[in-house]
Amino acid sequence: MKLTRRQLLGSAAALTAAAAASRLGHQYLHHLPPVRIHRIGLPFGHELRNGQVSLAPQSEHRCHTLILGSGAAALSAAWHLTKHGQHNFLLAEGIERNGNNAAYVSGSLSAPSGAHYLALPSQESVYVRQLLSDLGILLDGINQPEPLYRETDLVYAPAERLYYQNRWQDSLLPQEDADSRRFHALIETLRRAHGRDGRKIFAIPIAHSSADEEWRRLDQTTFAAWLEKENYRSPSLLWYLDYCCRDDYGQGIAQVSAFAGLHYFAARGHTNEAVLTWPEGLAHLSEAIRRHIRLQNIDRLPETAELTLPQPTAINASALQISETDEDVAVILRHNQSGHTTLIRAQNVICAMPLMIAARIIAQPQRYGFSLNLPAYAPWLVSNFVLNGFPREAQRSELAWDNVVHGTQGLGYVVSTNQLIRTAKPEHTIFTAYTALNHDSPQNIRRWLLKAGKEELLEHAAQDLIQAYGPSFWHQVASIDISIRGHGMSSPAPGYLTQPTLLQLRQHHSRLTFAHSDLSSYSVMEEAVYWGVEAAGKILRPSART
0 MKLTRRQLLG
10 SAAALTAAAA
20 ASRLGHQYLH
30 HLPPVRIHRI
40 GLPFGHELRN
50 GQVSLAPQSE
60 HRCHTLILGS
70 GAAALSAAWH
80 LTKHGQHNFL
90 LAEGIERNGN
100 NAAYVSGSLS
110 APSGAHYLAL
120 PSQESVYVRQ
130 LLSDLGILLD
140 GINQPEPLYR
150 ETDLVYAPAE
160 RLYYQNRWQD
170 SLLPQEDADS
180 RRFHALIETL
190 RRAHGRDGRK
200 IFAIPIAHSS
210 ADEEWRRLDQ
220 TTFAAWLEKE
230 NYRSPSLLWY
240 LDYCCRDDYG
250 QGIAQVSAFA
260 GLHYFAARGH
270 TNEAVLTWPE
280 GLAHLSEAIR
290 RHIRLQNIDR
300 LPETAELTLP
310 QPTAINASAL
320 QISETDEDVA
330 VILRHNQSGH
340 TTLIRAQNVI
350 CAMPLMIAAR
360 IIAQPQRYGF
370 SLNLPAYAPW
380 LVSNFVLNGF
390 PREAQRSELA
400 WDNVVHGTQG
410 LGYVVSTNQL
420 IRTAKPEHTI
430 FTAYTALNHD
440 SPQNIRRWLL
450 KAGKEELLEH
460 AAQDLIQAYG
470 PSFWHQVASI
480 DISIRGHGMS
490 SPAPGYLTQP
500 TLLQLRQHHS
510 RLTFAHSDLS
520 SYSVMEEAVY
530 WGVEAAGKIL
540 RPSART
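So in numbering that gives the first Met the number 0, the last spot in the sequence shown is 545, and the numbers never skip.
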């Protein structure tokens, strides 16, 4: 039995049902809870694209190293520089502190407004393990298959559950059957499989994966097409695989590469499904890195023309223009609050921003390998529901950290207070709902997101919560914060392994170097850390410049 189009992409009928449920909830309460909408990077990004932002610098400075961005790649580069004695650098935060690792705060509670967990890193993820060790999270066995982690950083039980056929169950796989057993047996084999070049077929970071062409041919087709070819027909398994791809890649099995689909399950090489997580999600790691490297924040740059920084320094500014010469890299920064523009002439620049932004603000982008054929970006909603209490659970099921609803367009919701050790439930909590919007082309969805109003967005954001709790859920809602990430993450469509722009940018090394998970064409912490450390390494080894 084939997976239906509804199960693959989310049909109009499913959207209508979710919208109707949400509207019924509003009618039931006769009012809409307070809703704040954050269109991340807008309208500033469009104003910059349309030439409506002044590029005239009001001051000028020189510095040794400038890092553009504050996501996982940027902060990992900063960590690696300081670890090797280089403290004289300036970090320009970009439009959002910590990028896709951003947090949401409401009173004494915090929750993710971006990434919410880190899977236990594989043995190939050496940089991530070193980072976690430096932060005191990985306690022992850094080179072992199963290191020892600090107990308080591991997800607390119950970790996950699935709402399926009007009941909650522990497993996210709706039903085990012959197809699911066959698929998981294959994954067990692939976790240990090596290509003819001696490297693991599926490794994370992906740069360590085998280049064996026999397996790389999987990148020429979609995961859905490969599953059909291999005679996987189980609706239960196909829904689960589609959910997993949407959760990690922002797109489903009908859109992502077959190599990426298998990579998701086989790359980490271990069977321990525990994750590292915190109430505020991966913002916890980002803030821990800042404290560890003693990254100081300043409101304005010193008056001196030559910036000699005694310790790592960050400023709340975004890059408007980047131009490289033989002597330096000229970057125009704009302070995100005051609007003050500054020309920074840096000896080295790490460009740790999404590639779609870099391509627009770098002079002569084709010099670095940029082309019109950039990775596709998946749009997301990350919605934080602040609750005055806990809704009643069906069949007295126990609320989990990750709560997934079968058959919807959403990806479920995580509960930030799950990670708080208390003798009793707190009075207030935050449910963070994730929605990967892949029911239409990313371009069409982004056009809709630009114009969509609060109620329209809320219908998508709340669909899983209304499905699980019914209209009475609204009784508990104090306020809602919806973050729109129109270019939330790049997705590994077929052909991503040989995408020319990515191949050239990975190898490029001049005074300007690149660091972002986009270089791997998908957004996970391990890839971001890898490219951040690699970029920092190029600065520490200047003789390798090309």
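In this text, a Cβ means the ideal position worked out from N, Cα and C, and glycines have one as well.
Cβ shell of residue i (< 7 Å), same chain only, five flanking positions each side left out
i, result
"residue 517", "353, 354, 374 and 489"
"residue 626", "Beyond the ends of the chain as shown, which are 0 and 545, falls residue 626; an answer cannot be given."
"residue 484", "39, 378, 379 and 381"
"residue 492", "254, 255, 256 and 375"
"residue 70", "97, 98, 99, 100, 351 and 527"
"residue 3", "Residue confidence for residue 3 is low, a pLDDT of 38 falling below 50, so the modelled location carries little weight and cannot support an answer."
Member of the options whose CA lies at the smallest distance from the CA of residue i
i, options, result
"residue 307", "336, 438 and 87", "87"
"residue 520", "325, 189, 360 and 502", "502"
"residue 279", "272, 531 and 97", "97"
"residue 172", "234, 146, 210 and 206", "234"
"residue 393", "387, 458, 425 and 466", "466"
"residue 309", "302, 294 and 319", "294"
"residue 390", "505, 128 and 470", "470"
"residue 164", "70, 174 and 141", "174"
"residue 178", "47, 267, 226 and 68", "226"
"residue 395", "162, 342 and 432", "162"
"residue 486", "495, 154, 522 and 160", "522"
"residue 214", "207, 205, 201 and 206", "201"
"residue 528", "44, 46 and 131", "131"
"residue 268", "240, 228, 203 and 299", "203"
"residue 291", "33, 511 and 81", "81"
"residue 60", "512, 482 and 345", "345"
"residue 432", "447, 455, 474 and 480", "480"
"residue 212", "504, 387, 239 and 497", "497"
"residue 32", "141, 476 and 482", "476"
"residue 362", "331, 341 and 337", "331"
"residue 208", "445, 414, 123 and 463", "123"
Close Cβ partners of residue i (< 6 Å) along its chain, the five nearest in sequence each way excluded
i, result
"residue 117", "275 and 524"
"residue 604", "Residue 604 cannot be examined here, being either before or after the span of the chain that is shown, 0 to 545."
"residue 9", "The predicted model places residue 9 with a pLDDT of 39, which falls under 50 and marks its position as unreliable, so this point remains unresolved."
"residue 514", "72, 76, 349, 351, 530, 531 and 534"
"residue 288", "74 and 78"
"residue 105", "385"
"residue 545", "Because the pLDDT of residue 545 is 47, which lies under 50, any placement of that residue in the model is unreliable, and the number read from its coordinates should be weighed accordingly. Within the same chain, residue 545 has close Cβ partners 508."
"residue 541", "none"
"residue 416", "425 and 428"
"residue 121", "203, 267 and 268"
"residue 231", "178"
"residue 205", "519"
Residue range of the unbroken beta strand (DSSP E) whose run includes residue i
i, result
"residue 341", "340 to 350"
"residue 89", "88 to 91"
"residue 334", "328 to 334"
"residue 79", "Per DSSP, residue 79 belongs to no beta strand (DSSP E); it is in the alpha helix (DSSP H), 71 to 82."
"residue 430", "428 to 435"
"residue 411", "409 to 414"
"residue 110", "108 to 111"
"residue 379", "375 to 386"
"residue 58", "58 to 67"
"residue 38", "34 to 38"
"residue 419", "From DSSP, residue 419 is part of no beta strand (DSSP E); its letter is neither H nor E."
Limits of the unbroken alpha helix (DSSP H) element including residue i
i, result
"residue 507", "First-last for residue 507: undefined, no H or E at that position."
"residue 226", "222 to 228"
"residue 441", "441 to 450"
"residue 133", "125 to 133"
"residue 101", "Here residue 101 belongs to no alpha helix (DSSP H), and DSSP marks it neither H nor E."
"residue 235", "234 to 248"
"residue 259", "257 to 265"
"residue 438", "From DSSP, residue 438 is part of no alpha helix (DSSP H); its letter is neither H nor E."
"residue 213", "212 to 215"
Same chain, Cβ closer than 8 Å to residue i, neighbours up to 5 away in sequence not counted
i, result
"residue 339", "57, 58, 299 and 333"
"residue 364", "357 and 358"
"residue 304", "59, 60 and 61"
"residue 271", "119 and 145"
"residue 54", "319, 320, 331 and 340"
Checklist entry - On the three-pair Cβ rule with 8 Å, is the stretch 243 to 258 touching the stretch 207 to 226? => result yes
Next on the checklist: With three or more beta-carbon pairs closer than 8 Å as the criterion, would you say the stretch 54 to 72 touches the stretch 527 to 535?
Outcome noted: yes
Item to check | Three or more C-beta pairs below 8 Å linking the stretch 88 to 95 and the stretch 312 to 323 | outcome: Judged by Cβ distances under 8 Å, the stretch 88 to 95 makes contact with the stretch 312 to 323, as three or more pairs qualify.
Checklist entry - Touching or not, the stretch 188 to 199 and the stretch 109 to 116, by the rule of three or more beta carbon pairs under 8 Å? => result no
Next on the checklist: Runs of 3 residues minimum, wholly inside the stretch 154 to 181: which ones carry the beta strand (DSSP E) assignment?
Outcome noted: Inside the stretch 154 to 181, DSSP marks whole beta strand (DSSP E) runs of 3 or more residues at positions 159 to 163 and 166 to 168, from first to last along the chain.
Next on the checklist: With three or more beta-carbon pairs closer than 8 Å as the criterion, would you say the stretch 134 to 150 touches the stretch 319 to 337?
Outcome noted: As far as the Cβ criterion goes, the stretch 134 to 150 does not touch the stretch 319 to 337, which means the pair count is below three.
Checklist entry - Fully enclosed by the stretch 465 to 540, which beta strand (DSSP E) runs are 3 residues long or longer? => result 476 to 490 and 511 to 513
Checklist entry - Taking the runs of the alpha helix (DSSP H) that are 4 residues or longer, which of them lie wholly in the stretch 273 to 307? => result 282 to 291
Item to check | Uninterrupted alpha helix (DSSP H) stretches inside the stretch 179 to 209 (no shorter than 4 residues) | outcome: none
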